[in-house]
Amino acid sequence: MSELRTPLTAWHEAQGAKMAPFAGWLMPIQYEGILAEHQHTRQHAGLFDICHMGEFRIQGAGADVALAAAVSHNLATLAPGKCRYGFLLNAQGGVLDDCIIYRFGPDDFMVVVNAACAASDYATLRERLPEAVQMSDISAETAKLDLQGPDAVDVLEKALGQNFHDLAYFAFRQTNWDGAPLLVSRTGYTGELGFELYLPAAKAEAFWKLLLTDARVKPVGLGARDTLRLEAGLPLYGHELDEKHSPAEAGMGRMLTSTADYVGKAGAQTVRQVLLPLRIEGRRAARNGDILALPGGEAVGAVTSGSFAPSLGCVIAFAWVDAAHADKTDFVVRAARAELAASRTELPFYTEGTARKKLS
Amino acid sequence: MSGNPDNLLYSNSHEWARIEGDVATVGITHFAQEALCDITYVELPQVGDSVAQHSEFGSIESVKAASDLLSPVDGEVIEVNSALENTPELCNSAPYADGWLIRVKLSGQPEGLMDAAAYEEFCATQSH
Chain Z
7 MSELRTPLTA WHEAQGAKMA PFAGWLMPIQ YEGILAEHQH TRQHAGLFDI CHMGEFRIQG
67 AGADVALAAA VSHNLATLAP GKCRYGFLLN AQGGVLDDCI IYRFGPDDFM VVVNAACAAS
127 DYATLRERLP EAVQMSDISA ETAKLDLQGP DAVDVLEKAL GQNFHDLAYF AFRQTNWDGA
187 PLLVSRTGYT GELGFELYLP AAKAEAFWKL LLTDARVKPV GLGARDTLRL EAGLPLYGHE
247 LDEKHSPAEA GMGRMLTSTA DYVGKAGAQT VRQVLLPLRI EGRRAARNGD ILALPGGEAV
307 GAVTSGSFAP SLGCVIAFAW VDAAHADKTD FVVRAARAEL AASRTELPFY TEGTARKKLS
Chain L
26 MSGNPDNLLY SNSHEWARIE GDVATVGITH FAQEALCDIT YVELPQVGDS VAQHSEFGSI
86 ESVKAASDLL SPVDGEVIEV NSALENTPEL CNSAPYADGW LIRVKLSGQP EGLMDAAAYE
146 EFCATQSH
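If you read the sequences in order, they're chains Z and L.
Residues in the first sequence are numbered consecutively from 7, following this note's numbering.
Residues in the second sequence are numbered consecutively from 26, following this note's numbering.
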């Protein structure tokens, strides 16, 4: 057992959370239960320890042009105070990671990446950026807490004594808490109104406890984080996104508006398979790796994620399907214990999410 | 917290049996439900089906995992807990009561099962 520990791992253990290794980190899977935590986030507010994710600061003369050539994000239209979702691609256009880029100034950025990919992302980006551009891995000293749910804005305003109703979706603000810098970003991974909060690791536990003093907030583990993101139709790296598939195959083609000549640009629009959202009949779940077939029996793809969807009361899944069959609506999933009927549906699976709600 | 009742017998695949005469009620243990997390689906046999000790008689799925159900006893299914069809979470909230799975008419008394004390010792050697 040599998993990495976040500034909150000891707190989770003391609470009796069920812990498990995730991407090299010892993380809380659940506290009181995945379904209860899922519902609480949809109805009130959930607080997530996301300190395992990686953060890089990239700055210095030429950072703008150099970063725009290294990632798929359209930085030309990204104003300071805004952040944007996009991809780090390999030369063929396959996805090395998905990441959010925050712009602080003309040549000043933060890149937030998945924990499992952080080390290789750092090496890839460092190699793609000229020496004159400074790049530092600030993951260890940066804590990331996600506050998500319809009550999140009121909770945060009460905790900080500041207005956040004016913070638009995918905008962020740098403020202070207890003498330390705090970055408040109106983003998240649940489909609900909420914030991703970045602050010094040394302040993480005190701020976590402060947010939990609000009766509307409960801690939520990675189990519910997965069901929430799946219902919201959001991809998980290693499942819906990987090196073998382009962003266009994952349904992200329209997002690729950058005019920069970035690495992987030509292949980013290649489509050999298509990511399909599926609704599964019955309560038995399709799981990652299950074969997707046509009702006649021909195998045409594979499931990437699947779960009982607590807010929908049915089973949903994502699956890769060969492009030639992407127009089909009816499939079967060869699950471990049964063949399941699956039909194509629309994204997001859960349509009542408050993530994009206008607050002002 | 385990709270494994003293009047049950336990298998090393984490099912329990309550023997009353020649009928056994069967369920999964607290340890099993905790390991599975939130249970979302239970597949049970039909009344009249035969079950054999250590053999699969159904399956159980949670948000995180799927697993076979292995019978702790030999016999014939005489009743299934139909409430689990729509409320499988009973296996989490009341594994020794309303979350029972099947009732079996025994074809012989089961052997090799553990009492509560032995089962608790066994669980201590297992990690979730």
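For each residue, glycine too, the CB sits at the ideal point set by N, CA and C.
Any C-beta of chain Z sitting closer than 8 Å to the C-beta of L:Lys157? Any question about residue 157 of chain L goes unanswered here, given that chain L covers just 26 to 153.
If we call anything under 8 Å between Cβ atoms a contact, is Z:Glu198 one with Z:Pro225? In the first sequence, the residue the question calls residue 198 of chain Z occupies position 192. In the first sequence, the residue the question calls residue 225 of chain Z occupies position 219. The answer is no: Cβ separation not under 8 Å.
At least one CB of chain L closer than 8 Å to the CB of Z:Ile372: is that the case? A question about residue 372 of chain Z goes unanswered here, because the residues of chain Z that appear run from 7 up to 366.
For L:Asp123, which residues in chain Z fall below 8 Å Cβ to Cβ? Sequence index remark: in the second sequence, residue 123 of chain L carries index 98 (1-based). Result: empty, since nearest Cβ-Cβ is about 17 Å, beyond 8 Å.
Report, in whole angstroms, the separation of the C-beta atoms of Z:Ala149 and Z:Cys89, which I expect to be a contact under 8 Å. Within the first sequence, the letter at position 143 stands for residue 149 of chain Z. Within the first sequence, the letter at position 83 stands for residue 89 of chain Z. The pair is not a contact, with the Cβ atoms about 18 Å apart (cut-off 8 Å).
Listing by chain order, which chain L residues have their CB less than 9 Å from the CB of Z:Gln45? For the purposes of this step, residue 45 of chain Z is taken as residue 39 along the first sequence, with counting starting at 1. Within chain L, no residue comes near Z:Gln45; the closest Cβ sits about 11 Å away, beyond 9 Å.
Excluding the 5 residues flanking L:Glu101 on each side, which residues of the same chain have their C-beta closer than 6 Å to its C-beta? Along the second sequence, one-based indexing puts residue 101 of chain L at 76. Ser75 and Lys130, listed in sequence order.
Reducing DSSP to helix, strand and coil, say where Z:Arg132 ends up. Looking up residue 132 of chain Z in the first sequence gives position 126. In this structure, Z:Arg132 counts as helix in the three-state DSSP scheme.
Continuous beta strand (DSSP E) stretch holding Z:Cys4: start and end: With chain Z covering only 7 through 366, there is no way to say anything about residue 4 of chain Z.
Closer than 8 Å, CB to CB, is Z:Ser252 near chain L or not? For the purposes of this step, residue 252 of chain Z is identified with residue 246 of the first sequence, where counting begins at 1. It does not; no Cβ of chain L falls within 8 Å.
For Z:Val77, count neighbouring C-beta atoms within 10 Å of its own C-beta (all shown protein chains included) and say buried if the count is 16 or more, exposed if not. Your numbering for residue 77 of chain Z matches position 71 in the first sequence. Buried is the call here.
State the DSSP-derived secondary structure class of Z:Gly353, mapped to helix, strand or coil. Taking the first sequence and counting its residues from 1, the one referred to as residue 353 of chain Z is at position 347. Per the sequence presented here, residue 353 of chain Z reads as Leu, with Gly not at that position. Z:Leu353: coil per DSSP, three-state reduction.
Consider the Cβ of Z:Gly229: report whether some Cβ of chain L lies at a distance smaller than 8 Å. Working through the first sequence from its first residue, we reach residue 229 of chain Z at position 223. Judged by the 8 Å Cβ criterion, Z:Gly229 is in contact with chain L.
Can you grab the Cα-Cα spacing for the pair Z:Glu43 / L:Tyr121, in whole Å? As a working mapping, residue 43 of chain Z is identified with position 37 in the first sequence. As a working mapping, residue 121 of chain L is identified with position 96 in the second sequence. So the alpha carbons of these two residues sit roughly 24 Å apart.
In this structure, how does DSSP classify Z:Leu240 when only helix, strand and coil are distinguished? What you label residue 240 of chain Z is simply residue 234 of the first sequence in a count that begins at 1. Residue state, collapsed to three classes: coil.
CA-to-CA distance, Z:Pro316 to Z:Arg362, given in whole angstroms: Translated into the one-based positions of the first sequence, residue 362 of chain Z becomes position 356. Translated into the one-based positions of the first sequence, residue 316 of chain Z becomes position 310. Between Z:Arg362 and Z:Pro316, the C-alpha separation is close to 21 Å.
The ligand FMN heavy atom lying under 7 Å from the CB of Z:Glu43: For the ligand FMN, the structure offers nothing, since it holds no ligand at all.
Among Z:Ala124, Z:Ser145 and Z:Leu203, whose alpha-carbon lies nearest the alpha-carbon of Z:Val161? Residue 161 of chain Z sits at position 155 when you count from the first residue of the first sequence. Among Z:Ala124, Z:Ser145 and Z:Leu203, the Cα nearest to that of Z:Val161 belongs to Z:Leu203.
Verify whether the separation of the beta carbon atoms of Z:Ile322 and Z:Glu237 is less than 8 Å. The sequence position of residue 322 of chain Z within the first sequence is 316, counting from 1. The sequence position of residue 237 of chain Z within the first sequence is 231, counting from 1. Against a cut-off of 8 Å, the Cβ pair of Z:Glu237 and Z:Ile322 comes out as a contact.
According to DSSP, is Z:Thr233 part of a helix, a strand, or is it coil? Looking up residue 233 of chain Z in the first sequence gives position 227. Of the three classes helix, strand and coil, the one that applies to Z:Thr233 here is helix, per DSSP.
Just the Cα atoms here: how many angstroms apart are L:Asn37 and Z:Thr15? For the purposes of this step, residue 37 of chain L is taken as residue 12 along the second sequence, with counting starting at 1. For the purposes of this step, residue 15 of chain Z is taken as residue 9 along the first sequence, with counting starting at 1. When rounded, the distance between both Cα atoms is 32 Å.
Are the C-beta atoms of Z:Arg290 and some chain L residue less than 8 Å apart? By one-based count along the first sequence, residue 290 of chain Z stands at place 284. Taking Cβ atoms only, chain L reaches closer than 8 Å to Z:Arg290, which makes this a yes.
Please say whether Z:Gly295 and Z:Ala308 have beta carbons closer to each other than 8 Å? What you label residue 308 of chain Z is simply residue 302 of the first sequence in a count that begins at 1. What you label residue 295 of chain Z is simply residue 289 of the first sequence in a count that begins at 1. In this structure, Z:Gly295 lies closer than 8 Å to Z:Ala308 by Cβ.
Along the stretch 313–339 of chain Z, what residues have a CB closer than 9 Å to any CB found in chain L? Ser313, Phe314, Pro316 and Val321
Residues bridged to Z:Lys305 by DSSP? Residue numbering aside, residue 305 of chain Z sits at position 299 when the first sequence is read from its first letter. Lys is not the amino acid found at residue 305 of chain Z; the sequence shown has Ala there. In DSSP, Z:Ala305 forms a bridge with Z:Ala299.
Please report how far the alpha carbon of Z:Gln45 lies from the alpha carbon of L:Ala91, in whole angstroms. For the purposes of this step, residue 45 of chain Z is taken as residue 39 along the first sequence, with counting starting at 1. For the purposes of this step, residue 91 of chain L is taken as residue 66 along the second sequence, with counting starting at 1. One C-alpha to the other measures close to 22 Å.
Figure out for me which residue from Z:Arg340, Z:Tyr243, Z:Glu304 and Z:Ala74 has the closest Cα to the Cα of Z:Gly100. Mapped onto the first sequence, residue 100 of chain Z falls at position 94. Cα-wise, what sits closest to Z:Gly100 is Z:Tyr243.
If you draw a straight line from the C-alpha of L:Ala49 to the C-alpha of Z:Leu228, how long is it? Mapped onto the second sequence, residue 49 of chain L falls at position 24. Mapped onto the first sequence, residue 228 of chain Z falls at position 222. About 38 Å.
Cα-Cα separation, Z:Cys320 to Z:His331: The sequence position of residue 320 of chain Z within the first sequence is 314, counting from 1. The sequence position of residue 331 of chain Z within the first sequence is 325, counting from 1. So the alpha carbons of these two residues sit roughly 24 Å apart.
Where the stretch 89–116 of chain Z meets chain L: residues whose CB sits under 9 Å from a CB there: none
For the alpha helix (DSSP H) holding Z:Arg48, just list the boundary residues, first then last. The residue you call residue 48 of chain Z lines up with position 42 of the first sequence. From DSSP, the alpha helix (DSSP H) with Z:Arg48 extends over Ile40 to Gln49.
Nearest by alpha-carbon distance to L:Asp47: which of L:Asp123, L:Glu114 and L:Asp99 is it? Residue numbering aside, residue 47 of chain L sits at position 22 when the second sequence is read from its first letter. L:Asp47 has its Cα closest to that of L:Asp99, out of L:Asp123, L:Glu114 and L:Asp99.
Quick one: does L:Glu146 have its CB under 8 Å from some CB of chain Z? Here residue 146 of chain L corresponds to residue number 121 of the second sequence, with the count starting at 1. No - not a single Cβ of chain Z is within 8 Å of the one on L:Glu146.
Using only alpha-carbon positions, find the residue among Z:Gly359, Z:Asn96 and Z:Ser313 that is nearest to L:Ile64. Working through the second sequence from its first residue, we reach residue 64 of chain L at position 39. Checking every option, the nearest Cα to that of L:Ile64 belongs to Z:Ser313.
Within 10 angstroms of its Cβ, does L:Met26 collect 16 or more other Cβ (buried), or is it exposed? For the purposes of this step, residue 26 of chain L is taken as the residue at position 1 of the second sequence. Any reading at L:Met26 needs caution, since the residue's pLDDT is 44, under 50, leaving its predicted position unreliable; the model's value is listed next. Exposed is the call here.
Whether Z:Ala378 touches Z:Asp113 by CB criterion (8 Å): A question about residue 378 of chain Z goes unanswered here, because the residues of chain Z that appear run from 7 up to 366.
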